[in-house]
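Participant: Start counting the sequence shown at 966; every next residue gets the next number (our numbering). The following block contains the structure, expressed as structure tokens.
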Amino acid sequence: MEDGFSAKPSEGEGYDLVSLGEILLRFDPGERRIVGSRSFRVWEGGGEYNVARGLRRCFGLRTAIASALVDNAIGRLIEDLVLQGGVSTDHIQWRTFDGVGRDARNGIYFLERGFGVRGGLGMMDRGHTAMAQLKPGDMDWSQVFSRGVRWFHTGGITTALSESATEVVQEAMLAARAHGAIVSYDCNYRPSLWSSRGGRQGSIEVNRSLMPLVDVLLGHEGDVARTAAASSNGPVWHTLDSFGEMAARVQEEYSNLKVIASSVRRAQTATRNDWSGFAFANGRAVDGLHCPMLEVLDRVGSGDAFAAGLIYGLLAGREIDYALNCGIAHGALVMTTPGDSSMASLAEVEHLMSGGHAATSR
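Structural data, given as structure tokens:
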């Protein structure tokens, strides 16, 4: 990418990306409701982890997750799922299980996908988890980054877990910048996680405190705008012009930001979404691929897939137009398969980017 934005080259056995975040076990009732279900399919998931997995499985990059789990059967199941996704577990810290989870526990969540006029429903059970209790100094960031890391990713879900988790995010960002890694941050606001920490305004204050350490700012429609406005009633963009004006103001305040990008979703129904995105780089706002009335099987993880595709394009040295469309196409494909994680291939992403059809390939 032109005008000074470039990640350092790959180094030996180093990672293209390391993400910091919690990995959860997701319980999926399929087509049923949570109430009344007698069986669930389980997946691994988590906003920051999903980015690392997408970059590994779809785009073939070397990635790792920095996290904390309790060392019991549930933690080891999560680890096994992560390993199946090809993401390195070298930087997962293990906490001793006390037998009942008083000291620390692994997070889980239940999710209904929704259908038609019935929206999806997510039920989190992640209080007092090992990741939420991570404190500054627990993770040896010099050791993490000394192997060579091109990109570091985290976001607002991790900062929301606890005040100490927010401090760990800042500590990790400082270490990443000291080692020459690009830092990306996904605002990823979750009302349930911020309910005891000031709600939307509390998240905005934390996000703004971290902005001087960020190179690439990511969000969903409204997240970046509200963070920039420092108000729960901040502007939400609906056009390329309004996004460009907002992004230019944000970059004027935080000149360290090289790229600002957002997915844009309008849910016509739970299973039909308009899907697109915007990006701002080098003083130019870009409108991406439009996917009107996209048929959705499972929308969870699509924003993370958007981030993964965008990051892939930037790490590959491509122009912002390619990176943005790569994110939009990847996010669209992730919505066509169950679970949080990407099951797409780079060939499928680029096929969709080029306007390719959805006919059966034989």
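All residues carry an ideal CB built from backbone N, CA and C; glycine is no exception.
The alpha helix (DSSP H) spanning L1254 covers which residue range?
Facilitator: Judged by DSSP secondary structure, L1254 falls outside any alpha helix (DSSP H); it is assigned neither H nor E.
Participant: Hey, how far is the Cα of S1174 from the Cα of F1117?
Facilitator: 18 Å
Participant: Since L1175 is in the alpha helix (DSSP H), which residue starts that stretch and which ends it?
Facilitator: G1164 to L1175
Participant: Indicate the three-state DSSP secondary structure (helix, strand or coil) for N1153 in the structure shown.
Facilitator: coil
Participant: Reducing DSSP to helix, strand and coil, say where N1238 ends up.
Facilitator: strand
Participant: Decide if V1082 is buried, meaning its Cβ has at least 16 other Cβ atoms within 10 Å, or exposed.
Facilitator: Result: exposed.
Participant: For Q1135, does the three-state DSSP call read helix, strand or coil?
Facilitator: helix
Participant: Terminal residues of the continuous alpha helix (DSSP H) containing R1214?
Facilitator: L1205 to E1218
Participant: Ordered along the chain, which non-local residues of its own chain (more than five positions away) have a Cβ less than 7 Å from that of A1297?
Facilitator: W1240, C1256, L1259 and L1317
Participant: Between L1178 and M1138, is the Cβ-Cβ spacing less than 8 Å?
Facilitator: Yes, the pair counts as a contact, with Cβ atoms nearer than the cut-off.
Participant: Roughly how many whole angstroms lie between the Cα atoms of E1044 and L1254?
Facilitator: 35 Å
Participant: Please state whether the Cβ-Cβ distance between L1262 and M1308 is less than 8 Å.
Facilitator: no
Participant: If we call anything under 8 Å between Cβ atoms a contact, is R1112 one with I1147?
Facilitator: no
Participant: Can you grab the Cα-Cα spacing for the pair Y1277 / D1151, in whole Å?
Facilitator: 15 Å
Participant: Along the chain, where does the beta strand (DSSP E) that runs through D981 open and close?
Facilitator: In the DSSP assignment, D981 falls within the beta strand (DSSP E) that extends over Y980 to L985.
Participant: To which residues of the same chain is L1289 closer than 7 Å at the C-beta, ignoring the five residues directly before and after it?
Facilitator: A1226, G1242, A1244, V1251, G1253 and L1275
Participant: When you compare the region 984-992 with the region 1066-1086, are there three or more beta-carbon pairs, one atom per stretch, that lie closer than 8 Å?
Facilitator: Taking 8 Å as the limit for Cβ pairs, the verdict is that the region 1066-1086 does touch the region 984-992.
Participant: Among the residues of its own chain, which have a CB less than 8 Å from the CB of S971, if the five just before and after it don't count?
Facilitator: G1282
Participant: Measure the C-alpha to C-alpha separation of F1062 and M1088 and round it to an integer number of angstroms.
Facilitator: 24 Å
Participant: Can you tell me whether D1105 is buried or exposed, with buried defined as 16 or more other CB within 10 angstroms of its CB?
Facilitator: Exposed, because fewer than 16 other Cβ atoms sit within 10 Å of the Cβ of D1105.
Participant: Considering just the uninterrupted stretch of the alpha helix (DSSP H) at G1278, what are its terminal residues?
Facilitator: Start and end: S1267 to L1280.
Participant: On the DSSP bridge assignment, give the partners of W1116 in chain order.
Facilitator: L982 and I1147
Participant: Looking at A1125: is its Cβ nearer than 8 Å to the Cβ of R1070?
Facilitator: no
Participant: So F1110 and T1236 are in contact, right, with Cβ under 8 Å, and what is the actual spacing, rounded?
Facilitator: With 8 Å as the limit, F1110 and T1236 do not qualify as a contact, their Cβ atoms being about 42 Å apart.
Participant: Please report how far the alpha carbon of S1129 lies from the alpha carbon of T1123, in whole angstroms.
Facilitator: 10 Å
Participant: Mind checking whether S984 and A1038 have CB atoms under 8 Å apart?
Facilitator: no
Participant: For L1034, collect the residues of the same chain with a Cβ closer than 8 Å to its Cβ; drop the 5 residues on either side in sequence, then sort them by chain order.
Facilitator: I988, G1040, I1043, E1044, I1057, Q1058, W1059, R1060, N1071, A1095 and M1096
Participant: Based on Cα-Cα distance, which residue from L1279, S1306 and E978 lies nearest to R1264?
Facilitator: S1306
Participant: Of the choices A1294, G1304 and T1302, whose alpha-carbon is the least far from that of H1322?
Facilitator: A1294
Participant: At which residue ranges does the region 1056-1098 contain complete beta strand (DSSP E) runs of 3 or more residues, listed in the order of the chain?
Facilitator: 1073-1077 and 1086-1090
Participant: Where do the ends of the alpha helix (DSSP H) carrying E1315 lie?
Facilitator: L1311 to M1318 is the extent of the alpha helix (DSSP H) around E1315.
Participant: Under three-state DSSP, which class holds R1022?
Facilitator: helix
Participant: For a minimum of 4 consecutive residues, which ranges assigned as the alpha helix (DSSP H) are wholly contained in the region 991-1038?
Facilitator: 1012-1022
Participant: Can you tell me whether D1055 is buried or exposed? The criterion is at least 16 other CB atoms within 10 Å of its CB, across all chains shown.
Facilitator: exposed
Participant: Since H1185 is in the beta strand (DSSP E), which residue starts that stretch and which ends it?
Facilitator: Counting along the chain, the beta strand (DSSP E) containing H1185 begins and ends at V1181 to H1185.
Participant: Ignore the nearest five residues each way along the sequence and tell me which others in P1303's own chain have a CB closer than 6 Å to its CB.
Facilitator: Closer than 6 Å at Cβ, skipping near neighbours: D1263.
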